[in-house]
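To start, the structure under review is shown below, and the notes come after it.
Protein chains: 4
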Amino acid sequence: MSEKKIKVGIIGATGYAGQELARLLYTHPNAEVVWYGSRSYVNAPYSSVYGNMRDLADDNCKDDDIAALAEEADVIFTATPQGYLAGVLTEDVLSKAKVIDLSADFRLKDVSVYEKWYKIEHKSPNFLEEAVYGLCEVNREDIKKARLLANPGCFTTCSIESLYPLVKEHAIDPDTIIVDAKSGTSGAGRGAKTANLYCEVNESIKAYAVASHRHTPEIEEQLGYAYHAGDAEALAQPGGSPILINFTPHLVPMNRGILATCYAKLAEGMDAEKIAEIYNKYYGNEPFIRLLGEGGVPETRWVEGSNFLDIGFVIDERTGRIIVMGALDNMVKGAAGQAVQNMNLMFGLEETTGLLFPPVFP
Amino acid sequence: MSEKKIKVGIIGATGYAGQELARLLYTHPNAEVVWYGSRSYVNAPYSSVYGNMRDLADDNCKDDDIAALAEEADVIFTATPQGYLAGVLTEDVLSKAKVIDLSADFRLKDVSVYEKWYKIEHKSPNFLEEAVYGLCEVNREDIKKARLLANPGCFTTCSIESLYPLVKEHAIDPDTIIVDAKSGTSGAGRGAKTANLYCEVNESIKAYAVASHRHTPEIEEQLGYAYHAGDAEALAQPGGSPILINFTPHLVPMNRGILATCYAKLAEGMDAEKIAEIYNKYYGNEPFIRLLGEGGVPETRWVEGSNFLDIGFVIDERTGRIIVMGALDNMVKGAAGQAVQNMNLMFGLEETTGLLFPPVFP
Amino acid sequence: MSEKKIKVGIIGATGYAGQELARLLYTHPNAEVVWYGSRSYVNAPYSSVYGNMRDLADDNCKDDDIAALAEEADVIFTATPQGYLAGVLTEDVLSKAKVIDLSADFRLKDVSVYEKWYKIEHKSPNFLEEAVYGLCEVNREDIKKARLLANPGCFTTCSIESLYPLVKEHAIDPDTIIVDAKSGTSGAGRGAKTANLYCEVNESIKAYAVASHRHTPEIEEQLGYAYHAGDAEALAQPGGSPILINFTPHLVPMNRGILATCYAKLAEGMDAEKIAEIYNKYYGNEPFIRLLGEGGVPETRWVEGSNFLDIGFVIDERTGRIIVMGALDNMVKGAAGQAVQNMNLMFGLEETTGLLFPPVFP
Amino acid sequence: MSEKKIKVGIIGATGYAGQELARLLYTHPNAEVVWYGSRSYVNAPYSSVYGNMRDLADDNCKDDDIAALAEEADVIFTATPQGYLAGVLTEDVLSKAKVIDLSADFRLKDVSVYEKWYKIEHKSPNFLEEAVYGLCEVNREDIKKARLLANPGCFTTCSIESLYPLVKEHAIDPDTIIVDAKSGTSGAGRGAKTANLYCEVNESIKAYAVASHRHTPEIEEQLGYAYHAGDAEALAQPGGSPILINFTPHLVPMNRGILATCYAKLAEGMDAEKIAEIYNKYYGNEPFIRLLGEGGVPETRWVEGSNFLDIGFVIDERTGRIIVMGALDNMVKGAAGQAVQNMNLMFGLEETTGLLFPPVFP
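Now the structure itself:
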């Protein structure tokens, strides 16, 4: 543990994810925020935007200026809309500061897939190859060496990590995967839209972006790598050989939390014991993944406010399917917490630094 | 419209479904409640249990006595735990009053299936054959002649009616059906259980009874009838030839509402237009089913407090699956409203009597 | 009851109060909506804005044109921002259609008080004298004769009617009145503001507009009339001799409902029995006021979706104060329901027509 | 900071307050829980009762045995029903371990007041004199020396600390104090009661225990000490000379948080500047009290999950009253957090140890 604290700049500090970064970094023993970037609130005290940070983060917000920020910070978090970072990233910035991007700009290796799903041009595809996909439990070693880190989406972290061991071990039929996901409303961001008003969300549930949600190709690409691991040909092109899945997000009247209910046909010869073994092999020693085993049913209340991902599963012998359920807090393990976990890895700190605290209940 | 009102008795009037019956019958022009049965609140004014009914239903609750009630009422609603009605039903009762059962006692034709899923002995299997399954839009003609009506479960109404036309027309592969359902908390009843306390349910979502929920065989039996319609052999035994599906209910922090997100592989040659045609064929004239068509996404807030079922669908060309979504209010179309709709049919009233009012929003 | 239905136009039909009018009028036996006015949604089907009205109100929205509307409608409801009606009202309009205004434009008799609290100029003070304040239980006879009706605010209806009998009978000291009110979030309207987003309102409570809420002078004026009834001098000037109170609204994470907790010193000689008698004298026969008596504690869940106002009280002998609590649904008795009740009175219908249905619970 | 950690035992560890203690102590650098006491869950892993503590607190729960516990622990927290600690406390226990009581057993100095409000006999009035009332910001020096600490109630902490400086400085008239308080539902505890079910609490607000809530005499006693400070005669008898106030708690549909809206007549000559000065004098350097000043409106969302108390005020010149608002998290500053703060003081640790983290939002 170094004496000197890591200097952190946040661009997009007044969105929900940015604020969660500020909250987590406040108690991080080896980091300090030196730049609260927010185009909308330039010169306003950060705590005037987020009253929870009163007395804790009263600095004024600064305008977005990644070049200036790179001079002051050791690491830059971008919690910004799609396209922002791709539009401003330079080799100069990366030579001075590590960058952890909470947007989707560098998650997909195939630029055409990005442009198809996000419907915007990618302004710096030249950095795509270098960018490391920051799913800590999967890509730990690459993350340690990264300069540019693509922090995974909230739905994707939950979906991929819930299914990854089964796909990697060919324990399920990848063509039968369906992920029915449910998210709290903070995932919709802090923009003032009628659809996200209290009275519109409260006392209701709906699916949205059915068969068209942007996290779909991200899940498909990463599960493709897992399924085809060792198959050089399948992995040759950018984005590898993605698996095709159905992914359906739902909006739930609660602030935080994602639950992914995943369905797939079990491969021949698989049973509860073998599935449990597979999960143990991959996640048995992971500090932030808690395995509930067969019959274990994760609930988002048990992970709220924390960096944990809880995974359980049930096998339906009648239909030959497995139902895997994963639960995490979309603001923490699904965004800011995983970003800090990545920062810890990138700076040679203990991976759990500043993140090992209990979920808040009730 | 007859001058004389139908005399209604409710056994189990102080559960949530019983209360919803009381609410709906209050404004029904051709019916009046003459007996609020509640073992737990005998001699207490009904409105002391449900403050919303103050000044509207101040009669004292009476003990459960189906024989005495049959003398006074034209129709008896039983909103009681599983096994109650099967334990007390007699030919004498049925000869004096029609019975509409909101429990599961007479929903499943195969007594062994009932006993396996409900884990209790069925005390009057002799009435199983006579009982009519009260899915109004499917069994309308049989319902009109019924003495004993099995009112469908909340999840089942939503799941079956969302999929029924597609299964009946063989537009989807029945072996690939997955129903991921989400329910408000009133479905859990008014029993004082820690798991249903405000702080336990609020700000959380979880699956429950995974691969073991009791509404599963009910959905499977009814969809089996639809799929095998015309196949006398398949329909020969009690319960027909059920389809096997995966059904996963989830508990959502809201009072009312069910959303069923249903997945299945489309049959060869099916497309959005044909699917829309099928739905129109079956439901185009239904007063309580509202078709949102392709891309239509039902939301429980738009049906809350009403007897409507909203259905929409999306086709995912990439995976060849259709995602059908159905939304209803579990207390109304999923319980008391459908029971009144059945009553209307059984007594020769206009089917929509007392039920055609807008959902309450917000 | 006339054969011919009252033709209703709603200006501001796509706000929450306008929508509630549409909902209530749908089941009203003697009225029909012929004009859904909405500047923001001109030519869009009304049910595309409010999915609950699908199949029930699919007409296209029309632009605001009160002159044209007056030709078509028997009554015009304006559920519009402050200042709108005052800016467009004419004698010609009033000569053709009755007008029921859900805004504050004609609630305060003293134009200077209006301009001070609302901070806008009043464009048609000439109609102030004619306008009748539509608190049905207080001003019933005047309402019957009104052409221009000022429908009271939600907080005001709850606060005034909870205290009115006690103030009128001088049973409490008017200088000691404090009203601590709590409102569901629909009262904040459907405008897209960050402060009203789900995640901002959920899991929190706050006071707002402390000592400066615009409903304060409305309560004060009306309670002044009650207190000084019979004192011609006190009543001589516009607005009479208002009482000064403290009024503090709070925002509660729920959709509907207002609870007013009112405090005052009891007058000499008052006790629970006398207080109960006073309430009975004024409200004993009111169809929409339910008296819970001493120790009765109203809860907003018991009035949700209905036109009822529930009132209870507790006397604290230790401090000599009475605590009066009133609960209503801000969208119904606090807005659209009372507006329809006023319409019934103004058109010679039974006052309860279309409004006597039970609250929706849960 | 000592090497050796304080050994902590919790009796009543499976109530909400007990669980919050477990959560806070998990990250406390100088304390560790060695005994999770829970009569209801003896021998069950603590994390099976509270899934958030999975992997963090998997020890089995133990039966209540304060004598045995006193041998093992340096400090005992009792988060138990009223009467428990008074029934088992002995000099022997106190000679071996410090005791911090989260119940009301030792909060009121006058045993007759306790017995009147709590309606149970006090079994060990002999310890009443020794017990220190643990309002950290008020009684800091006494707390440091305490063996037996009475941790204040949630409503009381919020109410007393919001008003304390004004009462102490005679800036308001104590006879006019009204506290209208609003609480999240976790304050009702984890007992399985119908009234606390999700569907009963959600979408509703109500007052309860009007003019009879047990926190009333606690507030009155402590404010009495403040008002009569220096008046030996007034303070002579047990419980001093309490002030009489009106206190009305309300149940709000949210998990955590208390907001106290307090009303009082300002003393002659008081204005906003002087009030602000008084608050600064008492709380300007307090680490857990955040002053929002005149016009500042606390919201419970800004303190959720934290040990902060936010205080703001508004002066209504029209009525001569001040409205003081205080907000805290009932589980933290209102219970477990203040208990840990007291522990820190009692063991000579930095007062903020383990408690200085940001509130969780959203």
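Chains as they are written, first to last, in our numbering: chain R, 180 to 541; chain S, 180 to 541; chain G, 180 to 541; chain X, 180 to 541.
Using N, Cα and C, we set each Cβ at its ideal position, and we do this for glycine too.
Computed from a prediction, not measured in an experiment: that's the story for all the values here.
Check: Spatially closest choice to Gly370(S) from Ile422(X), Glu379(X) and Gly463(X), by CA coordinates; Outcome: Glu379(X)
Check: Identified DSSP bridge partners for Lys275(S); Outcome: For Lys275(S), which the question treats as bridged, DSSP gives no partner whatsoever.
Check: Cα-Cα separation between Leu535(X) and Asp237(R), rounded to whole angstroms; Outcome: 16 Å
Check: Minimum C-alpha distance to Leu273(S) - residue among Leu345(S), Phe467(S), Lys324(S) and Gln261(S); Outcome: Lys324(S)
Check: Distance, Ile245(X) Cα to Pro260(X) Cα; Outcome: 15 Å
Check: Enclosing beta strand (DSSP E) for Ser365(G) [first to last residue]; Outcome: Segment: none, Ser365(G) is in no beta strand (DSSP E) and carries neither H nor E.
Check: Residues, ordered as in the chain, of the region 352-365 of chain S that lie near chain G by beta-carbon distance below 7 Å; Outcome: Ser365
Check: Glu397(G) vs Thr440(G) beta-carbon contact at 7 Å; Outcome: no
Check: Straight-line Cα distance separating Thr498(X) from Leu423(G); Outcome: 7 Å
Check: Interface positions of the region 218-236 of chain G facing chain S (Cβ-Cβ less than 9 Å), listed along the chain; Outcome: Tyr229, Gly230, Asn231, Met232, Arg233, Asp234, Leu235 and Ala236
Check: Same chain only: Cβ atoms within 8 Å of Glu382(G), ignoring 5 sequence neighbours per side; Outcome: Pro432
Check: Whether Cys337(S) touches Leu204(S) by CB criterion (7 Å); Outcome: no
Check: Val519(S) versus Leu314(S), Asp284(S) and Tyr215(S), residue with shortest Cα-Cα distance; Outcome: Leu314(S)
Check: Range of the contiguous beta strand (DSSP E) that encloses Gly516(X); Outcome: From DSSP, Gly516(X) is part of no beta strand (DSSP E) but of the alpha helix (DSSP H) over Gly516 to Met525.
Check: Any alpha helix (DSSP H) of 4 or more consecutive residues that is wholly inside the region 333-399 of chain G; Outcome: 333-347 and 377-380
Check: Proximity test, Cβ basis, 7 Å: Val431(R) and chain X; Outcome: no
Check: Runs of alpha helix (DSSP H) wholly within the region 245-322 of chain X (minimum 4 residues, chain order); Outcome: 245-251, 263-267, 270-275 and 290-297
Check: Beta-carbon proximity check, Cys240(S) vs Val213(S), cutoff 7 Å; Outcome: no
Check: Cβ pair count under 8 Å reaching 3, the region 345-357 of chain R against the region 450-465 of chain R; Outcome: yes
Check: Cross-chain neighbours of Thr193(X) in chain R, by beta carbon under 8 Å; Outcome: Under the 8 Å cutoff, chain R gives no residues; its nearest Cβ is about 12 Å from Thr193(X).
Check: Any C-beta of chain R under 7 Å from that of Arg497(S); Outcome: yes
Check: Partner residues on chain X for Leu423(G), Cβ-Cβ distance less than 8 Å; Outcome: Arg497 and Thr498
Check: Pro208(G) to Met525(G) span [Cα, whole Å]; Outcome: 16 Å
Check: Pro541(G) (DSSP reduced to helix, strand or coil); Outcome: coil
Check: Gly216(R) - DSSP class collapsed to helix/strand/coil; Outcome: strand
Check: CA-to-CA distance, Asn509(S) to Leu327(S), given in whole angstroms; Outcome: 22 Å
Check: Residues near Ala223(G) in its chain [Cβ-Cβ closer than 7 Å; skip 5 each side]; Outcome: Asn239 and Cys240
Check: Start and end residues, beta strand (DSSP E) containing Ala415(G); Outcome: From DSSP, Ala415(G) is part of no beta strand (DSSP E); its letter is neither H nor E.
Check: The region 401-415 of chain X touching the region 460-472 of chain S, judged by at least three CB pairs closer than 8 Å; Outcome: no
Check: Burial state of Thr269(X), where buried means 16 or more other Cβ atoms lie within 10 Å; Outcome: exposed
Check: Range of the contiguous alpha helix (DSSP H) that encloses Val228(R); Outcome: Tyr225 to Val228
Check: Whole-Å CB distance - Ala258(G) paired with Ala196(G), under 8 Å assumed; Outcome: 4 Å
Check: Whole-angstrom C-beta distance between Asn375(R) and Tyr377(G), which should lie under 8 Å; Outcome: 6 Å
Check: Per-residue burial, Asp495(G) [other beta carbons within 10 Å of its own, 16 or more giving buried]; Outcome: buried
Check: Short CB-CB distance (under 7 Å) between Tyr462(X) and chain R; Outcome: no
Check: Glu456(G): first and last residue of the uninterrupted alpha helix (DSSP H) it sits in; Outcome: Ala451 to Tyr462
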